[in-house]
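Report on the structure given below.
Protein chains in written order, with my numbering: chain B, 1026 to 1224; chain L, 1026 to 1224.
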């Protein structure tokens, strides 16, 4: 299709795969790389090649890693009874930063999004169910985002885990730490009220 | 002390009672009122007088009102078994906007703040305990802010209500509706994890 395009046009087109990069930015990037940073451009090409070759998904938690099983999943210091399901590796990192969780993870690498054609099959959810059925996991903590898609994913997973007889919990909605009612939206206050806890 | 000051100086000084108004703004306001808006300045004086004369605290919920008992507390349509404790009238308004609560309120008109000399006596907390002991309230929902002072107030109230044999709950902390882990602080995620709920 694009056989007639020269190398420059192909590079510009290729740069558009980067998130938020339109035709104009792509053109500017291409000129910049070729004119001013040829060495670093070559480095980028090598890094992309190496990453594509070396980085795989951890066989247990599905996150990016370079071994068959990632360091976190190979650790013997974590609590094998808890499995926390998150959407993306960045969410796993956020959970780790809390220092409040010592169980294992499963990274969906996405969320159910029927409009984008992402269903249970595309997310390979059977891998998650297999992981949770290791006989040691007693609680699945669903930590998908509280967006529409994240909530729908949570609901779908909860139903299927329940059917498998597993205890399923969901991280809480409510006011943020330090939050004041005056500056919080009504939907969040309503949830905080609905999910109120015994003191 | 300020007997020697003229009316203008006294007005400027008086305007500084407004929140966020320093000497310069107060001066600008005074000139503006006297030069350009004398009629509205007179109106303001009257409104202040009338408000100070007519507005009292509701005998039941302690919010501002012009009758002995405010309209909300006089309503027979609300659930008398729940009493929600908030810091300020603005918080009561936020709770009402959720349309998720139909019980009664108690407005502390502040929070415990020992550094500012505000203790249980200054908040007249015995009025709250009296209100909660009407024999119909079975649950006290504490909806003070999640600031340090709001939390300390919640803790203090919870202890005293427990001692009186009342069920005490606290609105939830967690991620806001629509919230994503990636853009949430670690403290809030840790709380959302700690306060996770059965799905």
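We put the beta carbon where it would ideally sit given N, CA and C, even for glycine.
Indicate whether at least one CB of chain B lies closer than 8 Å to the CB of residue i.
i              : result
residue 1221/L : yes
residue 1195/L : yes
residue 1216/L : yes
residue 1111/L : yes
residue 1104/L : no
residue 1074/L : no
Between the options, which lies nearest to residue i when the distance is taken from Cα to Cα?
i              : options                        : result
residue 1033/B : 1098/B, 1043/B, 1059/B, 1042/B : 1059/B
residue 1077/B : 1091/B, 1065/B, 1085/B         : 1091/B
residue 1057/B : 1072/B, 1036/B, 1135/B, 1207/B : 1036/B
residue 1217/B : 1094/L, 1166/L, 1215/L, 1098/L : 1166/L
residue 1157/B : 1133/B, 1143/B, 1066/B         : 1133/B
residue 1052/L : 1061/L, 1045/L, 1146/L, 1038/L : 1038/L
residue 1209/B : 1176/L, 1124/L, 1119/L         : 1119/L
Verify the contact flag: residue i, CB atom, against every heavy atom of the ligand SAM, threshold strictly below 7 Å.
i              : result
residue 1195/L : Ligands are entirely absent from the displayed structure, and the ligand SAM is therefore not among its contents.
Are the beta-carbon atoms of residue i and residue j separated by less than 8 Å?
i              : j              : result
residue 1200/L : residue 1196/B : yes
residue 1127/L : residue 1103/L : yes
residue 1222/L : residue 1194/B : yes
residue 1108/B : residue 1089/B : no
residue 1179/B : residue 1169/B : yes
residue 1111/L : residue 1117/L : yes
residue 1172/L : residue 1175/B : no
residue 1215/B : residue 1125/L : yes
residue 1131/L : residue 1148/L : no
residue 1040/L : residue 1064/L : no
residue 1146/L : residue 1164/L : no
residue 1177/L : residue 1137/L : yes
residue 1115/L : residue 1207/B : yes
Check whether the Cβ of residue i lies closer than 8 Å to any Cβ atom in chain L.
i              : result
residue 1178/B : no
residue 1183/B : yes
residue 1056/B : no
residue 1026/B : With a pLDDT of 44 at residue 1026/B, under the threshold of 50, the modelled position of this residue cannot be trusted, and the question is left open.
residue 1198/B : yes
residue 1203/B : yes
residue 1236/B : Residue 1236/B is absent from the model: chain B starts at 1026 and stops at 1224.
residue 1211/B : yes
residue 1141/B : no
residue 1115/B : yes
Mind checking the segment 1144–1174 of chain L against chain B and listing, in chain order, the residues whose C-beta falls within less than 7 Å of any C-beta there?
The residues in question are 1166, 1167, 1168, 1170, 1171, 1172.
_My parser needs the beta strand (DSSP E) runs of 3 or more residues fully inside the segment 1078–1134 of chain L; what are they?_
Every beta strand (DSSP E) of 3 residues or more that sits fully in the segment 1078–1134 of chain L is shown, in chain order, as 1104–1111, 1128–1132.
Chain L contacts made by the segment 1119–1133 of chain B, where a contact means CB separation under 8 Å
Close to chain L, meaning a Cβ-Cβ distance shorter than 8 Å, are the following residues of the segment 1119–1133 of chain B: 1119, 1120, 1122, 1123, 1124, 1125, 1126.
**OP:** Could you please tell me which residues of the segment 1080–1102 of chain L, in chain order, have their CB closer than 9 Å to any CB of chain B?
**Re:** Of all residues in the segment 1080–1102 of chain L, none places a beta-carbon less than 9 Å from a beta-carbon of chain B.
What are the uninterrupted segments assigned as alpha helix (DSSP H) that are 4 or more residues long and contained completely in the segment 1027–1076 of chain B, given in chain order?
1032–1040, 1048–1061
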